[in-house]
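K.L.:
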Amino acid sequence: MTEPKPHEDTQKGISRRNFMKNTGLVAGGLVGGSLFGGLLTNQLQKPGAPINSETEGSHLLEARTFFSNSEDFLILSAATERLFPTDDLGPGAIELGVPYFIDRQLAGEWGMNAKEYMKGPFLQIGAVDAYESQADSTQDQGPNAETQVPTPAFRYQTPMTRGDIFLEGVQALEQTAQEKFETNFRKLEPQQQDEILQMFDDGKAKMNGVASTTFFNLLLQTTIEGAYADPVYGGNRNMEGWRMKEFPGPRMSYTADIEKEDFIVMKPESLRNYQGH
Amino acid sequence: MAKKLKKVDVVVVGSGWAGGVVSAELAKAGYQVVTLERGKKQDRQDYVGVKDELRYTDRYEMMQNLSPETITSRVKIEDTALPVRTRAEMMAGTDLGGGSVHWAGATYRWRAIDFELRSKTIERYGKEKIPEGMTIQDWGITYDEMEPYYDKWEKTAGISGEPDPLGDKRSSDYPNPPMLASPAVKLFKETTERMGYHPFQVAAGNLSRAYTNPDGEKLNACMFCSYCTMYGCDFTAKSDPLATVIPTARKTGNCEIRTNSLVRRVLHKDGKATGVMFTDTRTGIEYEQPADVVVLGAFSFTNNRLLMLSKIGTQYDPTTRKGTIGRNFNGQFNITFLGARGYFEKKKFNLYMGAGALGGTMSDFAGDNFDHSNVDFINGGGIEMRQYGDGAISTNHVPSGTPKWGPEFKKNSIHYANRSLVAWYTPAVMSWWHNYVDLDPTYKDEYGDPLLRITNRYTDHDRNMAKFGIEKCSEIMKEMGADIIDEDEVPEEFDHIYSGGHYAGGIIMGADPETSAVNNYLQMWEMDNLFVVGGSAFPQFGGHHPTSTIGALAYRAAEGVEKYLNNGGQLAEAKQKTLNA
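Chains as they are written, first to last, in my numbering: chain A, -2 to 274; chain B, 119 to 699.
1. So B:G472 and B:F306 are in contact, right, with Cβ under 8 Å, and what is the actual spacing, rounded?
2. Counting along the chain, where does the alpha helix (DSSP H) carrying B:K267 start and finish?
3. Using only the alpha-carbon positions, how far apart do B:T188 and B:L557 sit?
4. May I have the straight-line CA-CA distance separating A:T252 from B:A475, to the nearest angstrom?
5. Using the beta-carbon of each residue, which ones in chain B are nearer than 8 Å to A:S250?
6. Short of 7 Å in beta carbon distance, which residues of its chain neighbour B:P296, apart from the five on each side in sequence? Order them along the chain.
7. Just checking: is the beta-carbon of B:H614 within a distance shorter than 8 Å of some beta-carbon in chain A?
8. Among the residues of its own chain, which have a CB less than 6 Å from the CB of A:Y128, if the five just before and after it don't count?
9. Assign B:L476 to one of three DSSP states: helix, strand, or coil.
10. In the DSSP assignment, find the beta strand (DSSP E) that holds A:Q272 and state where it starts and stops.
11. Can you list the alpha helix (DSSP H) stretches of 4 or more residues lying completely in the region 520 to 563 of chain B, in chain order?
12. Taking the alpha carbon of A:I255 as the point to measure from, which residue in B:R674, B:G314, B:F467 has its own alpha carbon closest?
13. What residues of chain B sit near A:P82, judged by a beta carbon separation below 9 Å?
14. Mind listing which residues of the region 197 to 219 of chain B have their C-beta closer than 7 Å to chain A's C-betas, in chain order?
15. Pick from B:V555, B:G285, B:D176, B:R162: whose alpha carbon is nearest that of B:A206?
16. Is the shortest distance between the beta-carbon of A:F282 and the beta-carbons of chain B less than 8 Å?
17. Quick check: the region 636 to 645 of chain B against the region 678 to 689 of chain B, are at least 3 beta-carbon pairs closer than 8 Å?
18. If I follow the unbroken beta strand (DSSP E) through B:L503, where does it start and stop?
19. Say whether the region 512 to 528 of chain B touches the region 75 to 92 of chain A, bearing in mind that this needs 3 or more beta-carbon pairs closer than 8 Å, one atom from each stretch.
20. Can you tell which of B:I248, B:I259, B:W135, B:K122 has the C-alpha that lies nearest to the C-alpha of B:I626?
21. Below 6 Å CB to CB, which residues in the same chain sit around A:G30 once its five sequence neighbours on both sides are set aside?
22. Using a beta-carbon distance below 8 Å, is A:M115 in contact with chain B?
23. Specify, as a first and last residue, the run of the alpha helix (DSSP H) that B:G460 falls within.
24. Between A:F277 and chain B, is any beta-carbon pair separated by less than 8 Å?
25. May I ask which residues mark the beginning and end of the alpha helix (DSSP H) holding A:D161?
26. Can you pull out the residues from the region 299 to 333 of chain B whose beta carbon lies closer than 8 Å to at least one beta carbon of chain A?
27. By the criterion of Cβ-Cβ separation under 7 Å, what are the contact partners of A:I255 in chain B?
28. Indicate the three-state DSSP secondary structure (helix, strand or coil) for A:P96 in the structure shown.
29. What are the residues in the region 206 to 237 of chain A lying within 7 Å of chain B by C-beta distance?
30. Restricting to runs no shorter than 3 residues, where is the beta strand (DSSP E) found entirely within the region 304 to 352 of chain B?
31. What residues are listed by DSSP as bridge partners for B:C591?
32. Label B:K562 either buried or exposed according to how many other C-beta atoms from any shown protein chain fall within 10 Å of its C-beta, with 16 as the threshold for buried.
33. Are the CB atoms of B:T81 and B:L214 nearer to each other than 8 Å?
34. State the CB to CB distance for the pair B:V70 and B:G393, rounded to an integer number of angstroms; the pair is presumed to be in contact (CB under 8 Å).
35. 8 Å is my cut-off, CB to CB: does B:N574 come that close to chain A?
36. With H, G and I counted as helix, E and B as strand and the rest as coil, what does DSSP make of A:E222?
Next up, the structure:
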């Protein structure tokens, strides 16, 4: 359950129900699709053009490039699955490729805080901790609220990069599991894993350098991002996250549909489809 | 030793709506202009086919890299300010065209009362209506005087809209008709109309049809693709400087635009600006650009910081309440844009479609359109229901009581993905003696220069206003037929999240040099050939989105620069002291 499934399994794992849902398009879906039809057709005519992640070879992109210790990666995977579990609506975090998404994010500029102000001094004052624990309400506000990540914000005041925080964080998950249940995090029952994750969410777990809430917020943010970001980043495998949410992916135009009363389900298309080269 | 460049008539810092408009107008008038932009070169082609929510919305692709420089932030004068370190906490647009490229497109003129807020409030409600410590003031310019500049900017930008039934007098209609209304927008408009209000379609920088502006720039019709706010437009269908004033400036042959050029000082001698010093951020080479006139048309933070680093004018001191540089910091933060979210069980909306400024709005609770005798605040704001076009990552609204992770979260976030609408209040923000900007004593940028420090806290006035707006939005949402309504909570205090770009003040306009830094032509009282243009000039924040006011002020300033180049001297007469707190 807690191990990421190899990619091949996922291919077979697409449920009959999802298949039916995704092919049972309403007429409106074809309107959006037809605008891009020419481009798509051209792509399909190119032999071997990898236009979506279902084609041979995309699983070659799934390997760890940030977590050197496989156990850390498996703990991370188990945690993401509890935050976004498989259910009758569709796949959970592991099946969507979320752990690989997070691994890649941490290996890049975001994980290295390349564009953040990282000069000292780093003051750890009371107000920062207080802020982190009440941070939930900040997400829905501001002129761009509709476009913000739906996870708690926090005031970042640590010399640790996000990559550092994740490494400390997964080890702290393991440590907490040992202290509380005397076993590995991965071997715990789902409810026990939830108990530990709740401790992190509440800022009650022990962590070096940052409050456990800080790690938890990043974990939750990246789990959701991994479920729903374009598949090019390694998550949202086969656009299954988008299918569950009835999200069509990037499209050129909705002018013909914007005034329509009925809800329109469209077959999702990826950035790769959209750019078409 | 800085390399000295050839002297020009005008050097402009910044290339957004402020710097871009000024550059285009002066270049058109035949002046030699150099425009300096700290960010990289880009054009409309850079936004074709890049509809990537993670990259633009969640990783802030179009925002300033904070690694070399950010701001610090605190609530009270006695607090230690901390740096705002991540782009999730501090959004400021960058690259050619500035923050004006990623804007949503919502266009509102500020109201007549906004420009004369102090005197009109006293006139109608008496002096006691303004609490001690509130430092609001008149702008030194009236709405009627601003109107031609609003009109001009709206035509340059090709704004698509219908008039506000409760709006002030206009000399002409918007150049383009309003956008199509989605069912959600129709529901908002029909409901509020039934309630006796006066709804209208949000005026949009997202164009309702193909349009050629008076400068000959061509824009296309918006296709509701939803990749709008936080993005550059795929189709040149959102009005921004890259589509309008920048090509206009370029084709005159009189304007040189230099990107990767970070201006670090305004150079001055004997009370006159002589030019600017900037660093090419690719090579590290320093340059001096001499000019007859210097225009700071950068983001409000940059305008403030450049004057402070260049030691121009007198820094505002909250203990004496004297000094004009850094005075009246204001903006829309987490106590604004609050309202109510409704969840609809029987109705699904196509919320993945949309446009930055697609929406319905009303001004019944804006400005002085309602009687303030029995409310404990002044001014007001719009109420909006917008359909930006939801991204998959950002759409996880769940009714309160739903856990924020786990099975129930997953189920509800998917169930409600296309079933929730939000109405919010966009209140004006008053200025207070304790909200200001200065240089931080501790934190430095990559060159060793101090960061800008923001001191900003909320008052009961702010909280009363927010609470009022939430109640009105909640009533509307109920009438719209929502099955579950979640009202926003009024925050206790400022959360140090600088999101949305509505941060203003510090180098404010006015008629009195004791309480304002620039006159009504955006010309510094203390330095005739230095103009400071943009949101930095707002003495307080109006109750609607700010972009068109910045565009209008830029046209006003361009006219001022030209007058100065012809005749010299101060362009406005200093009035006697305003009664200020």
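Note that CB positions come from ideal geometry on N, CA and C, so glycine has one too.
P.N.:
Inspection of the coordinates gives the following:
1. About 13 Å; that fails the 8 Å criterion.
2. Note that residue 267 of chain B is Tyr in the sequence shown here, rather than Lys. Counting along the chain, the alpha helix (DSSP H) containing B:Y267 begins and ends at 261 to 275.
3. 12 Å
4. 15 Å
5. M341, F342, C343
6. S278, G279, E280, Q319, S326
7. yes
8. For A:Y128, the predicted model reports a pLDDT of 40, less than 50, meaning its position is unreliable; a value from the coordinates is still stated below. Cβ within range, chain order: R152.
9. coil
10. Taken as a continuous stretch (DSSP letters only), A:Q272 belongs to no beta strand (DSSP E), being part of the alpha helix (DSSP H) at 268 to 272.
11. 525 to 533
12. Selected option, being the one with the closest Cα: B:F467.
13. G524, P525, K528
14. Answer in chain order: T198, L200, P201, R203, T204, R205, A206, E207.
15. B:D176
16. Residue 282 of chain A is absent from the model: chain A starts at -2 and stops at 274.
17. yes
18. Per the sequence shown, the amino acid found at residue 503 of chain B is Met instead of Leu. Counting along the chain, the beta strand (DSSP E) containing B:M503 begins and ends at 499 to 504.
19. yes
20. Closest by alpha carbon: B:I259.
21. Residue placement at A:G30 is poorly supported in this model, since its pLDDT is 35, which falls under 50; the coordinates still yield a value, given next. None.
22. Interface residue, yes.
23. Run containing B:G460: none in the alpha helix (DSSP H); it sits in the beta strand (DSSP E), 456 to 461.
24. Nothing can be reported for residue 277 of chain A: it is not among the residues displayed for chain A, which extend from -2 to 274.
25. Counting along the chain, the alpha helix (DSSP H) containing A:D161 begins and ends at 159 to 178.
26. A299, S300, P301
27. At a C-beta separation below 7 Å, A:I255 has these neighbours in chain B: L298, S300, F342, M471.
28. In the three-state DSSP reduction, A:P96 falls in the helix class (H, G or I).
29. L217, I221, E222, Y225, A226, D227, Y230
30. 317 to 319
31. According to DSSP, which records beta bridges pairwise, B:C591 is partnered with nothing at all.
32. exposed
33. For chain B, the structure presents residues 119 to 699; residue 81 of chain B sits outside this window and is missing.
34. The structure shown does not extend to residue 70 of chain B, since chain B is modelled only from 119 through 699, so no value can be given for it.
35. no
36. helix
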